[in-house]
Amino acid sequence: LMGKVTLGNFSDDGHWVAYTVDSIQCPGDVFAYNLSDGTTARWTCSETGPLDTDSFIAPSRLHFPSFDNPRKIPCWVYRPTLLPGSAGHPVVVYIHGGPT
Numbered sequence: 014l015m016g017k018v019t020l021g022n023f024s025d026d027g028h029w030v031a032y033t034v035d036s037i038q039c040p041g042d043v044f045a046y047n048l049s050d051g052t053t054a055r056w057t058c059s060e061t062g063p064l065d066t067d068s069f070i071a072p073s074r075l076h077f078p079s080f081d082n083p084r085k086i087p088c089w090v091y092r093p094t095l096l097p098g099s100a101g102h103p104v105v106v107y108i109h110g111g112p113t
């Protein structure tokens with residue numbers, strides 16, 4: 014699983030722990046793990062419309078040098094497979110955050 018798992022809360026009886034999973038195929042869903050028998054229950058199923066999440070491409074983690082070496086700037090790159098007869102794909106660059 015490539016993504017982020019965030020621990021939630023334990024049940025009052027201590028048998029379950031809830032957590033969220035945010036990944037390529039599972040955008041922000043809630044699960045519960047049974048500590049007694051090791052089973053997992055999925056509580057939500059995020060709406061992705063008609064999209065087939067199994068066809069989503071996993072990103073690659075890259076780093077670019079910064080002006081203040083040795084610091085490097087991390088980024089995620091999604092490389093789609095080329096379509097037949099395609100010269101390439103459009104690119105979206107989304108820059109956010111940064112030092113304050």
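Numbers in the numbering used here are just positions in the sequence shown, counted from 1, shifted up by 13.
For every residue, glycine included, the Cβ atom is placed at its ideal position computed from N, Cα and C.
In the DSSP assignment, L75 is bridged to C88. In terms of Cα proximity to F44, the closest of G16, V34, D50 is V34. Beta-bridge pairing by DSSP links D35 to K17, P40. Closest option to R55, judged by alpha-carbon separation, among P103, S73, P40, P72: P40. Between F77 and I86, the CB-CB gap stays under 7 angstroms. Counting along the chain, T53 sits inside the beta strand (DSSP E) bounded by residues 53-55. T52 and Y46 have their C-alpha atoms some 6 angstroms from each other.
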